[in-house]
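Visitor: Sending over a structure as structure tokens; questions will come in a sec.
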Amino acid sequence: MQYVPCSVRAHLARYIEECRALAIRRGDEDTDLALQCNEGYLYGVLFSHGRVRSKFHGPSWERLVSDYGVRPRDIMTIRLEHYGTWIGIDFYRVGRGDALSPLPSVGKVYF
């Protein structure tokens with residue numbers, strides 16, 4: 245699930261590089277990449293782009309996958325709407341096309 249399909253790897257990597265460069269030129273305090281879900285949750289992820297593969301990874305990526313109950317073959321769509329380091333995403337269950345929402349335990353405070 246974490247690997248980016250070959251057809252969009254180079255485009256996504258260029259987009260992320262451009263967004264970071266723009267954030268630096270604007271003097272933004274935060275130039276780290278973050279994935280933002282429809283519910284408003286932000287996950288500061290790492291993105292690696294190499295010669296043969298590109299992927300999202302890191303502890304926050306693992307938490308995002310866990311929070312949304314993402315399974316192998318689920319689809320993540322990426323919305324390249326704004327030039328910035330926050331990138332909108334959605335998850336869908338393969339076969340049914342249902343959008344995934346955070347699991348009920350996400351965002352709850354336990355005492």
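Residue numbers (the working numbering): 245 to 355.
Even for Gly, the Cβ is constructed at its ideal location relative to N, Cα and C.
Tell me the rounded alpha-carbon separation between Gly-343 and Arg-270.
Guide: What sits at residue 343 in the sequence shown is Ala, not Gly. Those two C-alpha atoms are separated by around 34 Å.
Visitor: Under 8 Å Cβ to Cβ from Asp-318, same chain only, skipping five residues before and after it: list those, please.
Guide: Met-245, Phe-335, Tyr-336, Arg-337, Val-338 and Leu-344
Visitor: Between Leu-279, Tyr-285, Leu-286 and Val-296, which has its C-alpha nearest Ser-251's C-alpha?
Guide: Val-296
Visitor: If we require 4 or more residues per run, which alpha helix (DSSP H) segments fall completely within the segment 262-315?
Guide: Segments of the alpha helix (DSSP H) lying fully in the segment 262-315: 303-311.
Visitor: State the Cα-Cα distance for the pair Phe-291 and Val-350, rounded to the nearest angstrom.
Guide: One C-alpha to the other measures close to 24 Å.
Visitor: Beta-carbon within less than 8 Å of Ile-206's beta-carbon, same chain only, minus the 5 sequence neighbours each way: which residues are those?
Guide: Residue numbering for the chain in the displayed model covers 245 to 355; residue 206 lies beyond these limits and cannot be assessed.
Visitor: Let me know if Ser-298 comes out buried or exposed under the rule of 16 or more other beta-carbons within 10 Å of its beta-carbon.
Guide: It is buried - the Cβ of Ser-298 has at least 16 other Cβ atoms within 10 Å.
Visitor: For the putative contact between Leu-347 and Leu-308, defined by C-beta atoms under 8 Å, what is the C-beta separation to the nearest angstrom?
Guide: No, Leu-347 and Leu-308 are not in contact; Cβ-Cβ is about 11 Å, not under 8 Å.
Visitor: By the 10 Å Cβ neighbour count, where 16 or more other Cβ atoms means buried, how is Asp-356 classified, buried or exposed?
Guide: In the structure as shown, the chain begins at 245 and stops at 355. Residue 356 is therefore absent and cannot be evaluated.
Visitor: Pick out whichever of Val-289, Pro-303 and His-301 has its Cα sitting closest to the Cα of Leu-277.
Guide: Val-289
Visitor: Taking all protein chains shown into account, do 16 or more other C-beta atoms lie within 10 angstroms of the C-beta of Ser-304, making it buried, or fewer, making it exposed?
Guide: buried
Visitor: Rounded to whole angstroms, what is the Cα-Cα separation between Met-320 and Asn-282?
Guide: The alpha-carbon atoms of Met-320 and Asn-282 are separated by roughly 12 Å.
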